[in-house]
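Numbering (our numbering), first residue to last: 1 to 338. Take a look at the structure set out below.
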């Protein structure tokens, strides 16, 4: 069977080739009725547009790179947060006929693949001011959006959630339940990083409640399953005067790891230990003790990054280079009043 062409679609839909092209590329003025008719014919004929022809026409590769710097080995596959975020980004790019390529990167990465693969743009998840990675990325001179990055240059396109509000919200919830010794599982508190912003919200909530800040309650284990588990085991060995009644993990996977340690040690959650997570990953409502967590909308976050990047790729003006999304609290079964 010969390949279905755009002319075949136009003939059967009784429209011009230009109209079919406008529907494919989402350009021009096409009535909703005509658009539906053309899309129906394309579906019936199982028409697949020629990617190479489209790329030649608009001088784009229709490839977008997602770069995850500084991620410890295994963290990408072990953390559903990244699965969900990447899925949202992929859905957004695919709806605009772009495709994703995922790259990990360390401080020594040259990023030569960006030009070798003719990438149209980059979404970078988590980087910092004054890092060699950021410096080399900016030298590439390609459209770029940074996620979960608190960069000081106002001209850099950034998509974040209100991490400081999230840290404040989770801590206020535990304070409202009567907890006074509240630990945080924070990971490394790098200045202007995501965890640092959440820690600032934690400190603000304590200050508002008149509770002195205790640095010994900051557990800088990795916010991973293993990190949370090790933090839980260590917590059980603390002398009585240093123990706490609640922990706020800056990721749900960290909260799950901490909860597993409590289970193995025979410490009841939430009767003897309250736990709050962060992210509201899809697993959080379904584990045996469902997690109270600070929720971020990963679908909206991914779509916002894609839209901002596509605006750059298409040469459109972007008045607002920083997009900050709100957070909320999902109260479940892992927290309880003292």
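Think of the CB as a built atom: it goes at the ideal place given N, C-alpha and C, for glycine as much as any other residue.
Here residue 209 carries a coil assignment [DSSP, helix/strand/coil]. Remark: C-beta atoms of residue 200 and residue 166 do not approach each other more closely than 8 Å. Classified as buried, residue 258 has 16 or more neighbouring CB atoms from the shown chains inside 10 Å of its CB.
DSSP places residue 264 in the uninterrupted alpha helix (DSSP H) bounded by 252 to 264. With respect to the C-alpha of residue 277, the residue from 288, 252, 269 and 270 having the closest C-alpha is 252.
The three-state reading of DSSP puts residue 246 in strand, counting E and B together. When DSSP reads this structure, residue 279 sits in a beta bridge with 295. Exclusion of the five residues before and after residue 246 leaves 174, 177, 179, 181, 182, 183, 273, 274, 275, 276 and 335 as the residues of its chain whose Cβ lies within less than 8 Å of its Cβ. In the structure shown, residue 21 adopts helical secondary structure according to DSSP, grouped into three states. For residue 113, the uninterrupted alpha helix (DSSP H) segment begins and ends at 113 to 116.
The straight-line gap separating the alpha-carbon atoms of residue 164 and residue 98 is approximately 33 Å. DSSP lists 158 as the beta-bridge partner residues of residue 322.
Taking C-beta atoms under 8 Å as the contact rule, residue 47 and residue 4 qualify, at a distance of about 5 Å. The region 145 to 161 makes contact with the region 120 to 127, as at least three CB pairs between them are under 8 Å. The DSSP-derived three-state label of residue 289 is coil. In this structure, DSSP gives residue 96 a state outside helix and strand, which the three-state scheme calls coil. For a cut-off of 8 Å, the C-beta gap from residue 324 to residue 160 is around 5 Å, short enough to register as a contact. Beta-bridge pairing by DSSP links residue 284 to no other residue.
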